[in-house]
Amino acid sequence: GAVVSQHPSWVICKSGTSVKIECRSLDFQATTMFWYRQFPKQSLMLMATSNEGSKATYEQGVEKDKFLINHASLTLSTLTVTSAHPEDSSFYICSAPRDMSSYEQYFGPGTRLTVT
Amino acid sequence: KQEVTQIPAALSVPEGENLVLNCSFTDSAIYNLQWFRQDPGKGLTSLLLIQSSQREQTSGRLNASLDKSSGRSTLYIAASQPGDSATYLCAVNQGGSEKLVFGKGTKLTVNP
């Protein structure tokens, strides 16, 4: 099956610093990738759609200046959490559709962010 | 706005039992529906994908059905095993969009 990786798998940072999370499609190209956030015992909430070669599309309520997304290539999207606060602590997961006819999504293993 | 509901929120069964997880969605205009498995602290593993034109999909001990008109899907797990213990998430893909809308999941515990 298709493989999507994320790096790092977990990160701890201090309030006010920035953290970059990478999402890579390892065996297919993805013009679109999605970033989700999951709080404890909650479901995944879509944050933004990352588009290769153009600006990301953010969901309502998600601050685009705080969560910077760059789709640098057909296999890499990055999410940078700027000026992190403790309330940004969460599980961040990316996904990418491999088959554009079925829209089946493949998910990365997630990144656990803890802001102290 | 699409809303996805999963019932029950948690389920505990003895090993070997057959079980059904339920998923409902408010807007029947979907492109497909996916069932995922999530282990604690891990990402999502795709289990089954049902296109809107399909009624069911099967993979091993798993069978997922879709009744698009009534906005319902079920995931049937046969002969459950302790290794099936995980949270099962249902997600719908809106027609014309790649975005997924997730339910809150059902946490399944299979006791040996």
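Which chain is which? The protein sequence lines are A and B, in order.
Mind the numbering: the first sequence is residues 1 to 116 in the working numbering, read in order.
Mind the numbering: the second sequence is residues 1001 to 1112 in the working numbering, read in order.
The beta carbon of each residue, even a glycine, is placed where N, CA and C say it ideally should be.
{"Check": "Proximity to B:LEU970 [Cα-Cα], best of B:THR1045, B:SER1053, B:SER1080", "Outcome": "Shown here, chain B extends from 1001 to 1112; a query on residue 970 of chain B therefore has no answer."}
{"Check": "Cβ-based contacts, 8 Å cut-off: residues of the stretch 8-32 of chain A near chain B", "Outcome": "THR32"}
{"Check": "Residues in the stretch 1028-1050 of chain B having any Cβ partner in chain A nearer than 8 Å", "Outcome": "TYR1031, ASN1032, GLN1034, PHE1036, GLY1041, LYS1042, GLY1043, LEU1044, THR1045, SER1046, LEU1049"}
{"Check": "Near the ligand NAP: A:GLU52 beta-carbon under 7 Å from a heavy atom", "Outcome": "In terms of ligand content, the structure shown is empty, and the ligand NAP therefore cannot be addressed."}
{"Check": "Interface positions of the stretch 1098-1111 of chain B facing chain A (Cβ-Cβ less than 7 Å), listed along the chain", "Outcome": "GLU1098, LYS1099, LEU1100, PHE1102, GLY1103, LYS1104, GLY1105"}
{"Check": "Contact set between B:ASN1093 and chain A, taken where Cβ atoms lie within less than 7 Å", "Outcome": "TYR103"}
{"Check": "Cross-strand partners of A:ALA72 (DSSP beta bridge)", "Outcome": "None, per the DSSP bridge assignment."}
{"Check": "Assigned secondary structure, A:PRO97 (DSSP; H/G/I helix, E/B strand, else coil)", "Outcome": "strand"}
{"Check": "Under 7 Å by beta carbon: chain B residues contacting A:SER43", "Outcome": "LEU1089, PHE1102, GLY1103, LYS1104, GLY1105"}
{"Check": "Expected contact under 8 Å - CB spacing of B:ASN1022 and B:THR1074 to nearest Å", "Outcome": "6 Å"}
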